[in-house]
């Protein structure tokens, strides 16, 4: 089994939920960090949604969290980790179009 640390990015997330990270076939992943940065001059709200695999429907990690202009939200990090299985995915959407940059740091086990 190989262990690989990786960063995945989503540039300018907006009002439609987009995949920030999707676990590939034959992979188990531990999300060790996730940051959503507000890249606008106005406050935004953000959602982080877990779906796929054995999950039925959307499960919110964060729902309607406010991020100040120039600020960031860290929904996963520090002592909190998130274990994902093949077929799981994390999605992000914000209240304003093209308003959030997302970085997801993971340890992938193949």
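Numbering (my numbering), first residue to last: 37 to 146.
Every residue gets a Cβ at the ideal spot worked out from N, C-alpha and C, and that includes glycine.
Fair warning: this is a prediction, and the values are worked out from it, not measured in the lab.
(1) At the level of alpha carbons, what is the spacing between residue 102 and residue 110?
(2) Could you check whether the region 79-99 touches the region 118-133, counting it as contact only if at least three pairs of C-beta atoms, one from each stretch, sit closer than 8 Å?
(3) Could you tell me whether the Cβ atoms of residue 113 and residue 74 are closer together than 9 Å?
(4) Run the CB neighbour count on residue 83, radius 10 Å, all protein chains shown included, and call it buried at 16 or more, exposed below.
(5) Could you check where the beta strand (DSSP E) with residue 49 kicks off and where it finishes?
(6) Would you kindly work out how many angstroms separate the C-alpha atoms of residue 61 and residue 123, rounded to a whole number?
(7) I'd like to confirm the pairing. Which residues does DSSP put opposite residue 73 in its beta bridges?
(8) Looking at the structure shown, is residue 82 part of a helix, part of a strand, or coil, going by DSSP?
(9) Span of the beta strand (DSSP E) holding residue 100?
Looking at the coordinates:
(1) 12 Å
(2) yes
(3) no
(4) buried
(5) 39-49
(6) 7 Å
(7) 108 and 137
(8) strand
(9) 91-103
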